[in-house]
Amino acid sequence: MPRLSPMDIYKRLPGINCKECGVETCMAFASKLIERAATPDDCPPLKEEKYRAKREELIKLLSPPVKEVVIGTGERAVKIGGEEVLYRHELTYFNPSGLFYDVDDSLPGDELRKRIKEIEDFGVEKIGKVLQLDGIAVRCKTGDPASFGEAVLTVSETSTLPMILCSYNPDVLEVGAGVALGKQPLLYAATPDNWEAVAVIARKHGCPVVASVPGDVKGLLELSRNLKTSGVEEIVLDIGTNTLGDRFAKTVNNLAILRRLAIEDNLAEAMYPILGVPMAAWLGGEDDISASYEEAAVAASEILRYCDILILHSTEIWSNLPLLNLRLNIYTDPRVPVSVESKLYVVGEPDENSPVFLTTNFALTYFTVASDLESAKIPSYILVADTEGLAVEVSMAGKKITPEVIKDIFEKSKIAEKVKHKKLIIPGVSARIKGELEDATGWEIIVGPKDSSQIQSFLQKTKA
Ligand code: SF4
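Counting in my numbering, the sequence shown runs from 6 upward without gaps.
Okay, here's the thing in C-alpha cells:
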C-alpha cells in the first residue's frame with residue numbers, strides 16, 4: 006500500500022485552521038496524524054455531525070495494515086501490532102514485541118507466587134529506560150478447569166501484568182476468562198477444532214483471541230476469517246513455532262509470508278499481530294542451559310521476523326538481556342536520534358566548587374558521562390547542550406556545538422549562579438572550538454579526556 010501523503014489526510018479534515026488541535030493549520034495536523042503523533046479525536050470539529058463522513062473515511066485511511074490489539078488493562082497493558090512497514094528503515098516500527106513468560110497451574114502456591122514476582126520485578130536500566138518483561142502466560146498443565154481458575158486468580162491478585170490464558174480446552178478458557186474478568190487477557194488458542202466455542206468465550210468476556218494453525222498458512226487464514234465472521238474483532242495469528250532444524254526455517258518463512266500478506270497485499274485475514282512461541286525450544290528434552298540458549302536464539306529470530314508477541318520460559322538475565330536490547334534497538338524510531346532534554350543535570354550533591362562538564366544531548370553520550378561520574382563518585386554539574394540528539398564527534402562534524410548553543414545552555418541553566426569558579430570542562434574531541442567557547446562564555450575552557458571513563462584520573466592530574 007503506498008504511503009499516505011499529508012494531502013490525502015488534509016482532504017478529510019475540516020480545513021478551517023481553528024488551531025483547537027494545538028497546531029497552526031489543518032495541514033500541520035495532517036502531518037501529525039501521518040506520524041501517529043495525534044489521532045482524529047484530537048480535532049474537536051471533526052466530531053461534529055456534518056464531518057461524520059470525513060471522520061469515518063479518515064479513521065479507515067489511517068488504520069495500519071496490522072491491526073492494534075491491546076492485552077490487559079491499566080499502566081502495564083500491552084499494545085501489539087499497528088505496524089505499517091516490512092522494513093524499519095521505510096518508516097519505523099511502532100509497538101515493541103510483548104514478552105510474556107509462562108507459569109502453570111501445577112505449581113504449588115508458593116512457587117507460583119515466586120515465579121510471578123520474578124517476572125514482574127525483572128528490570129534492567131539502559132540509556133534512561135527500564136527494560137522489563139511484559140506479561141504472564143498462564144498454562145493449564147493439569148487439564149483441570151478449577152486448578153486453572155485458581156492459578157489465574159493467584160496471578161490476578163499478585164500481579165498487574167497482562168495475561169495470556171493458555172489451553173485448547175474451551176471449558177478451561179471459560180473458567181480462566183471468568184476469573185480474569187475485566188482484565189482483558191489474550192485467549193490462547195482457537196483452533197480449527199474448537200474455534201466456535203472459543204469465539205463464544207471471547208465475545209462474552211471481550212477478550213482478544215489467538216488463532217492457531219501450526220505450519221498451515223492457508224488453514225490459519227481460513228480460521229482467522231471464521232473468527233472475524235463470528236464477531237471476534239481482536240485476533241492474533243499463530244502459525245506455530247517449530248524449533249527443529251529445517252522446520253525452524255519453515256517457521257521463519259511462514260512468519261514473513263503472513264506479514265507480507267498483510268502489508269503488501271492488504272489481505273484482511275492476515276492483517277493481525279503475530280504470536281511466536283520460542284518456549285517450544287524446551288520441548289526437545291535438553292538441559293536447562295541448552296534450552297535457554299535455543300529459546301533466546303529462536304526468540305531473536307521471531308522478533309526480527311515480525312512476531313508482535315512471544316511466549317517464553319527462561320527468566321535468566323543472560324538469555325533475556327540480548328532480547329531486550331534487540332527489541333529496544335529495532336523498535337527505536339530511526340528518524341529520531343535518541344536524546345535527552347538539554348538542561349543542567351547534577352551528579353551527587355555538587356556545591357559551588359564542583360566541576361562543570363559539557364556534553365551533548367545524544368542519550369547514550371549523556372548516560373555514559375553521567376554513569377562514569379557517578380561510579381567515580383564525583384559530585385558535579387553536567388551541562389547538556391542541544392545538539393539535536395547527536396553524539397559529540399558527529400556534533401563537531403555537523404557544527405552543532407556552536408558558541409550560540411553553549412551560550413543558550415549557560416543562560417538556561419543559570420550555571421554561573423551555582424558555582425564560584427568559571428571553568429568548563431569540554432569533551433576532548435571538541436578541543437578545536439576552545440577559543441570560540443572562551444570568547445562566547447568568558448569562562449576558562451578546559452579540554453577534558455576523549456573518553457569519559459578517564460575523567461577521574463584527568464581531574465587528579467589537572468586538579469581542575
Ligand atoms: Fe484543523 Fe481540526 Fe486542527 Fe481545527 S482542530 S486546525 S479543524 S485539524
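Cβ atoms here follow ideal geometry from the backbone N, Cα and C, with glycine treated the same way.
Given the structure is predicted, the values throughout are model-derived calculations rather than measurements.
Are residue i and residue j closer than 8 Å when you measure CB to CB?
i	j	result
Ser457	Thr373	yes
Leu166	Glu130	no
Cys212	Leu191	yes
Lys428	Glu441	no
Gly403	Ile430	no
Ile314	Pro70	no
Ser359	Ser324	no
Leu388	Ile414	yes
Thr246	Glu307	yes
Asn366	Asp391	yes
Val282	Glu357	no
Leu9	Leu63	no
Distance, Cα to Cα, residue i vs residue j?
i	j	result
Ile406	Gly394	11 Å
Val205	Ala182	11 Å
Glu291	Arg340	42 Å
Ala273	Lys209	24 Å
Glu95	Gly187	37 Å
Val83	Thr446	48 Å
Val434	Tyr371	15 Å
Pro384	Ile438	26 Å
Pro278	Pro45	23 Å
Leu225	Ser217	7 Å
Val397	Leu331	24 Å
Val410	Glu162	52 Å
Ser418	Glu238	51 Å
Val160	Glu227	33 Å
Ala58	Cys26	19 Å
Tyr386	Val361	5 Å
Val203	Leu369	47 Å
Ser400	Tyr311	34 Å
Ala304	Ala254	13 Å
Val257	Ser102	16 Å
Ala142	Glu40	33 Å
Ser235	Glu201	8 Å
Val352	Val28	37 Å
Ala302	Ala42	34 Å
Lys466	Ala35	56 Å
Leu363	Ile420	11 Å
Cys48	Pro11	15 Å
Val135	Val343	15 Å
Gly154	Ser172	12 Å
Asp13	Asp221	38 Å
Mapping the DSSP letters down to three states, classify residue i as helix, strand or coil.
i	result
Glu365	The sequence given here places Thr at residue 365; Glu does not occur at that position. Reduced to three states, the DSSP call for Thr365 is strand.
Ala381	coil
Met32	helix
Leu18	coil
Phe99	coil
Arg93	helix
Gly220	coil
Met2	The question about residue 2 has no answer, for the chain in this structure spans 6 to 469.
Phe127	coil
Asp109	strand
Arg310	coil
Gly281	strand
Gln189	coil
Gly353	coil
Tyr336	coil
Ile262	helix
Tyr173	coil
So residue i and residue j are supposed to be a Cβ contact under 8 Å. How far apart are they, rounded?
i	j	result
Ile169	Gly133	Not a contact, Cβ separation roughly 29 Å.
Leu91	Arg265	7 Å
Ile335	Tyr15	Actually they are not in contact, since the Cβ atoms of Ile335 and Tyr15 sit about 31 Å apart, beyond 8 Å.
Gly128	Gln137	5 Å
Ala215	Ala195	With the sequence shown as reference, residue 215 is identified as Val, and Ala is not the correct amino acid for it. Right, the Cβ-Cβ distance comes to about 7 Å (below 8 Å), so this counts as a contact.
Ile121	Ser164	5 Å
Ile244	Ser229	Not confirmed; about 11 Å, so no contact.
Pro197	Val177	About 18 Å separates the two Cβ atoms, so there is no contact after all.
Asn174	Cys145	7 Å
Comparing the C-beta of residue i with each C-beta of chain B, is any distance below 8 Å?
i	result
Leu136	In the structure shown, chain B cannot be found, because there is only a single protein chain.
Counting Cβ pairs closer than 8 Å, one from the region 313-329 and one from the region 104-115, do we hit at least three? Cβ pair count under 8 Å is three or more, so yes.
Report yes or no: do the region 278-287 and the region 75-82 share at least 3 C-beta pairs separated by less than 8 Å? The region 278-287 makes no contact with the region 75-82: fewer than 3 CB pairs, one atom from each, lie closer than 8 Å.
Please confirm if the region 253-270 is in contact with the region 53-60, defined as three or more CB-CB distances below 8 Å between the two stretches. Fewer than three Cβ pairs drawn from the region 253-270 and the region 53-60 lie within less than 8 Å of each other, which leaves the two stretches out of contact.
Looking at C-beta atoms only, is the number of pairs between the region 345-352 and the region 108-124 that lie closer than 8 Å three or more? The region 345-352 is not in contact with the region 108-124.
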